[in-house]
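Residue 450 in numbering that gives the first Met the number 0 sits at position 451 of the sequence shown, and the numbers go up by one each step.
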Amino acid sequence: MKQGTLLNSDDVKTNKNSPVECLGQIFENDDARKKHFTELLREKLNDPEFRKIDGFPLGNEDAILELSDPPYYTACPNPWFQDFIKLWEEKKGDSDEVYHREPFAADVQEGKNDPIYNAHSYHTKVPHKAIMRYILHYTNPGDIVFDGVCGTGMTGVAAQMCGDESVVVSLGYQVTENGIINKKEEQIDGAVKWVPFSKIGARRAVLNDLSPVASFISYHYNSRIDERAFSLEAARILSEVEKECEWMYETIHSDGETRGIINCVIWSDVFVCSHCGEELVFWNASIDFDKGKVKENFPCPHCNVELTKKTLQTVWQATYDHALGKLIKQAKQEAVLIVYTLKGEKERYRKVPDIFDQELINKINDLVITDDYPSDKLPEGSNTAQPANSHGATHIHHFYTKRNLYALASFRKYIKQSYLSNELQYQFDSLIIRQSKRTRLLVSYFFHGGGGWVGTPLSGTLYIPSYSVEVQPFETWKNREKKTLARVTFTGEKVCSTSSMGETNLPSNSLDYLFIDPPFGANLNYSELNSLWEAWLGVWTNNKHEAIENKTQGKGSDEYRALMTDCFKEAYRILKPGRWMTVEFSNTKSAIWNSLQTALSEAGFIVGNVSA
């Protein structure tokens with residue numbers, strides 16, 4: 000098997016017993032390939048100098064090796080980058096083309112409804128179809144494209160999809176029989192003419208991100224999979240988890256006998272009236288059930304004094320934390336409504352929790368979870384302070400009800416035992432957020448319809464709402480499978496790494512094009528927001544070289560500009576002379592744009608075009 004197909008591990012995943020070639024070596028099968036390079040990576044991890052590379056993640060050797068698929072993807076700096084660049088340049092051969100491209104700009108919002116774009120949630124990302132226009136304009140088939148802050152890897156998807164004729168045509172282009180791509184151009188007289196500007200064919204992608212979860216998502220977004228094998232294994236794992244945990248999600252139907260399966264539970268904060276000192280359940284006091292909306296002002300159910308949420312005080316209760324081995328203080332919450340179904344039926348019923356439900360919750364809360372789950376303390380920061388102050392959520396496991404934490408730990412146990420562990424972990428990532436206390440109730444939709452009322456968490460935060468929704472994980476697991484399998488349809492060659500963009504281990508003057516969507520000042524604190532995901536992976540972002548403005552990290556505008564300058568200097572070093580880099584900018588603050596312009600200038604770049 001030739002290197003070109005192997006680099007995606009596609010044929011490997013469907014035929015694991017076939018001989019494979021990787022970086023000039025022949026292996027009996029793909030497992031042998033991975034074992035060989037894993038041992039080489041293990042040796043590198045024991046090298047103190049290797050661990051000094053900027054952005055080396057926080058995590059032990061086993062966790063890093065478990066996530067990695069060397070040499071194609073490493074959850075640390077990738078020591079094989081130079082080997083791949085050398086191989087790819089040899090494959091390209093000599094070209095007589097005199098490279099010249101004019102500046103180009105396109106709408107970076109295009110393609111946000113594409114299934115691939117929506118396959119995995121992340122804080123920010125540019126749709127791959129938008130990036131394809133840039134890659135097609137600036138590169139030729141086989142060229143090497145780099146994204147140093149790749150997020151979920153949309154640049155890699157775009158690079159590979161440049162070889163999918165149907166996707167290229169969907170962008171409004173025309174592809175000739177000999178692979179020339181034409182675009183429409185309006186002439187002076189108003190006539191439209193098809194003009195050649197590119198060629199069909201996958202480009203090679205080098206992807207890197209400081210965040211381990213971002214690089215992990217990126218690699219799997221860019222890799223195809225044996226769909227049948229994945230579906231069978233996902234179903235098997237779900238069956239195992241249901242055997243262990245389904246009893247936790249049972250409730251009694253209105254007939255007093257039939258057992259239903261809980262779909263979700265609405266939880267409400269409990270507050271103290273600032274006037275009489277009595278406790279009140281926020282859901283019961285603040286919801287206008289006749290009009291189906293939240294009341295800004297509402298009477299205390301005990302003393303009838305008019306209240307607002309701002310005048311209420313949180314009820315703190317002491318609970319024993321089995322993971323921490325001590326009493327902790329957390330905001331009191333009560334289950335106020337259960338949504339459930341009966342087996343064999345599609346109709347969803349609603350009920351107020353009864354004695355059975357409360358006794359079940361108490362029983363679960365008394366359990367000691369024997370399967371592994373993360374109980375790490377949240378890093379200090381801007382976003383991590385909010386859930387700690389509002390609900391006492393100071394550690395990762397505090398973001399889950401005991402019931403959902405138990406089920407997630409069970410999922411994780413069986414995933415780690417599977418031969419498709421990393422592929423299944425990619426799907427499990429979606430449960431980490433969906434099954435947390437961060438999931439919001441959209442009150443208007445709940446009462447009046449018009450959309451799904453189980454909302455996504457408030458973006459850009461770790462906010463725990465006063466009405467949170469505990470979502471049963473079995474249904475989520477099944478529903479996510481289709482999105483998990485929404486990946487690249489045409490595969491090229493790519494490699495992924497986890498490190499700072501300021502130190503890439505790439506050869507100088509080796510890359511044909513760079514597409515960069517950098518962090519924008521204090522816009523998003525990625526390392527904090529990724530805490531939940533990365534805790535379950537066991538590998539955390541090393542935020543020393545995170546290019547943001549963050550008071551906790553001691554980074555202001557000067558530090559942000561200096562870090563971005565380091566990134567752009569590295570970009571200048573690795574980009575071939577006369578080639579282009581696109582920097583996507585989507586921040587309204589002029590100070591951030593000025594910082595980026597200064598960083599670009601200090602790195603040696605000349606801004607060729609700025610488009611809104």
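For glycine and all other residues, C-beta sits at the position ideal for the given N, C-alpha and C.
State yes or no: is the C-beta of threonine 151 within less than 8 Å of the C-beta of tyrosine 220?
yes
Compute the beta-carbon to beta-carbon distance between alanine 317 and lysine 331, rounded to the nearest angstrom, for a pair I have assumed lies under 8 Å.
The pair is not a contact, with the Cβ atoms about 10 Å apart (cut-off 8 Å).
Suppose you measure from the CA of aspartate 565 to the CA of valine 205; what does that come to, to the nearest Å?
19 Å
Top-ranked residue by Cα proximity to alanine 228, from Asp30, Leu419, Ser409
Leu419
Bridge-paired residues (DSSP) for glutamine 329
Gln316
Could you tell me the alpha carbon to alpha carbon distance between alanine 546 and arginine 560, rounded to whole angstroms?
Using only the alpha carbons, I get a separation of about 8 Å.
On a Cα-Cα basis, can you pick out the residue from Glu184, Ser285, Gly380 that is closest to leucine 523?
Gly380
Provide the residue span of the alpha helix (DSSP H) that contains glycine 155, from first to last.
153 to 160
Spatial distance of valine 468 from serine 197 (CA atoms):
49 Å
Less than 8 Å between the C-beta atoms of aspartate 511 and arginine 578, yes or no?
yes
Sequence-distant residues of the same chain with beta carbon closer than 7 Å to glutamate 617, five excluded per side:
No information on residue 617 is available, as it lies outside the stretch 0 to 611 that the chain covers here.
May I ask you to report which of helix, strand or coil DSSP gives phenylalanine 145?
strand
Rounded to the nearest angstrom, how far is the Cβ of phenylalanine 145 from that of leucine 513, given a contact under 8 Å?
The Cβ separation is near 5 Å, so the contact holds.
Let's test the definition: count the other Cβ atoms within 10 Å of the Cβ of asparagine 466 and tell me whether it reaches 16, buried, or not, exposed.
Position check: residue 466 holds tyrosine in this sequence, whereas asparagine was assumed. Label assigned to tyrosine 466: buried.
Three CB pairs or more closer than 8 Å across the stretch 409 to 417 and the stretch 248 to 258:
no
Could you compute how far the alpha carbon of leucine 6 sits from the alpha carbon of methionine 131?
Caution applies to leucine 6, whose pLDDT of 36 falls short of 50 and renders its modelled position unreliable; the model cannot decide the point.
Bridge-paired residues (DSSP) for serine 435:
According to DSSP, which records beta bridges pairwise, serine 435 is partnered with nothing at all.
For my contact list, alanine 129 and threonine 483 are in at a C-beta cut-off of 8 Å; report their separation, rounded to the angstrom.
Contact flag wrong, Cβ pair sits at about 23 Å.
Does the pairing of the stretch 378 to 395 with the stretch 519 to 534 give three or more beta-carbon distances under 8 Å?
yes
Complete runs of the beta strand (DSSP E) confined to the stretch 226 to 254 [at least 3 residues]
Annotation: the stretch 226 to 254 contains the following complete segments of the beta strand (DSSP E) (minimum length 3 residues), in chain order: 249 to 251.
Is tryptophan 532 buried or exposed, if buried means 16 or more other CB atoms sit within 10 Å of its CB?
buried
Can you tell me whether DSSP reads glutamine 385 as helix, strand or coil?
In the structure shown, glutamine 385 sits in a helix (DSSP, three-state: H, G or I).
When you compare each of Ala213, Cys275, His321, Ile573 to cysteine 75 by their alpha carbons, which one comes out closest?
Ala213
When you compare the CB positions of leucine 135 and isoleucine 180, do they come within less than 8 Å of one another, or not?
yes
Which two residues bound the contiguous beta strand (DSSP E) that contains tyrosine 399?
In the DSSP assignment, tyrosine 399 falls outside any beta strand (DSSP E) and carries neither an H nor an E.
Taking glutamate 480 as the reference, which of Leu430, Ile143, Asn586 has the closest Cα?
When the alpha-carbon of glutamate 480 is set against those of Leu430, Ile143, Asn586, the nearest one is in Leu430.
Specify, as a first and last residue, the run of the beta strand (DSSP E) that serine 267 falls within.
258 to 271
Which residue marks the beginning of the beta strand (DSSP E) containing cysteine 566, and which one marks its end?
The continuous stretches of beta strand (DSSP E) do not include cysteine 566, which lies in the alpha helix (DSSP H) extending over residues 556 to 573.
Apart from the five residues on each side of it in sequence, which residues of its chain come closer than 8 Å, Cβ to Cβ, to valine 191?
Lys183, Glu184, Glu185
Assigned secondary structure, arginine 41 (DSSP; H/G/I helix, E/B strand, else coil)
Helix, per DSSP.
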